[in-house]
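*Asks:*
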Amino acid sequence: MADGQRHPDELRTYLKDEYKKATGGTLKIEEQSWGDALTKLTAQLPDSKNTPDVTEIGNTWSPTFTTAGSFADLSGVYKDLGGEDLLQSFVEVGEVDGKQYALPYYFGSRYVTYRKDIWGAAGLEQPKTLDEFNESVAKLKTPDQSGFYIGGQYWRNGISWIFANGGELAKKDGDTWKSTLSDPKTIVGLEQFQTLFQDASNAPVTESDSTPWVNINNDKSGAAPTAATIIAPGWAHWSIGDFVEE
7 MADGQRHPDE
17 LRTYLKDEYK
27 KATGGTLKIE
37 EQSWGDALTK
47 LTAQLPDSKN
57 TPDVTEIGNT
67 WSPTFTTAGS
77 FADLSGVYKD
87 LGGEDLLQSF
97 VEVGEVDGKQ
107 YALPYYFGSR
117 YVTYRKDIWG
127 AAGLEQPKTL
137 DEFNESVAKL
147 KTPDQSGFYI
157 GGQYWRNGIS
167 WIFANGGELA
177 KKDGDTWKST
187 LSDPKTIVGL
197 EQFQTLFQDA
207 SNAPVTESDS
217 TPWVNINNDK
227 SGAAPTAATI
237 IAPGWAHWSI
247 GDFVEE
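The opening position of the sequence shown corresponds to residue 7 in the working numbering, with each subsequent residue numbered one higher.
(1) Tell me the start and end of each unbroken beta strand (DSSP E) in the stretch 149 to 215 that is at least 3 residues and wholly inside, in chain order.
(2) DSSP state of Ala8, grouped into three classes?
(3) For Glu36 and Lys191, what's the separation of their Cα atoms in angstroms?
(4) Let me make sure I understand the geometry here. Which of Ser39, Leu21, Gln38 has the alpha-carbon closest to that of Gly31?
(5) Can you tell me where the beta strand (DSSP E) holding Ile222 begins and where it ends?
(6) May I have the straight-line CA-CA distance separating Ala233 from Gly75, to the nearest angstrom?
(7) Taking the alpha-carbon positions, what's the Val194 to Glu213 distance?
(8) With Arg116 as the anchor, note down where its alpha helix (DSSP H) starts and where it stops.
(9) Just checking, does the stretch 141 to 155 make contact with the stretch 232 to 247 on the three C-beta pairs under 8 Å criterion?
(10) Alpha carbon to alpha carbon, how far is Trp125 from Leu146? Give it in angstroms, no decimals.
(11) Compare the Cα-Cα distances from Trp244 to each of Leu187, Thr119, Phe199, Lys177 and report the closest residue.
(12) Quick check: the Cα distance between Phe249 and Asn223, rounded to an integer number of angstroms?
(13) In terms of residue numbering, what span does the beta strand (DSSP E) encompassing Ala238 cover?
(14) Take the Cβ of Ala229 as the centre, count every other Cβ of all protein chains shown within 10 Å, and call the residue buried at 16 or more, exposed below.
(15) Could you name each continuous alpha helix (DSSP H) segment of 4 residues or more that falls completely within the stretch 9 to 49, going from the start of the chain to the end?
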């Protein structure tokens, strides 16, 4: 499993106990960091003695393994694992030719978090449209502060602006996927994101995955934040706010 913060000891103990009851065997749980998980899994899959029985991956990785035939067909247990109640867009990500090879364990949305004190001091109200948001965060940018901290290569956030403008990354034409990055609506989203990065963010142009909650918080000494606004997965709310040890 990757990213152990979502898997408390109580869950691990439960899984081991239930596995013991059902099989008489011993369940071994290995925690991998996201940075190493993809490389390690790719190396272990061809080795039947070392490949895991069950593994957790990010949904963006699913097609890498499902389309290569690396995973077992889960269609027979689809209903038992949630069926129609599962988030169907994530089910589709793990689907090949109508069969399910990876199913969603959990999912979360991305949220925009902003500093009310900084926005208020600038006389800005909560925006009601995407255009208003883009304009507001640009006004909040200073040499020491991002109005909206977002990395230049953080594509998983960037595609939100593509989708918001009605664009797509690709569409299926028969049995072939064709890029739609040159579609006018997609270009509008890309240009909007580019302008946002240039006008509102001090993040590096090469930054992809990041920890933006570090930028919106006061640091341990109480120094001011380096960002007025961030976007992050919903679980990041645990890391936003006043600093607390552990």
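Virtual Cβ for every residue (Gly too), placed ideally from N, Cα, C.
*Replies:* Let's see:
(1) 176 to 179, 182 to 185
(2) Low per-residue confidence applies at Ala8: pLDDT is 48, beneath 50, and the placement is therefore not dependable, though the value from the model is reported in the following sentence. Here Ala8 sits in strand by DSSP.
(3) 44 Å
(4) Leu21
(5) Per DSSP, Ile222 belongs to no beta strand (DSSP E); it is in the alpha helix (DSSP H), 219 to 222.
(6) 43 Å
(7) 22 Å
(8) Premise fails: Arg116 lies in the beta strand (DSSP E), 116 to 120, not in any alpha helix (DSSP H).
(9) yes
(10) 8 Å
(11) Thr119
(12) 8 Å
(13) 235 to 239
(14) exposed
(15) 15 to 29
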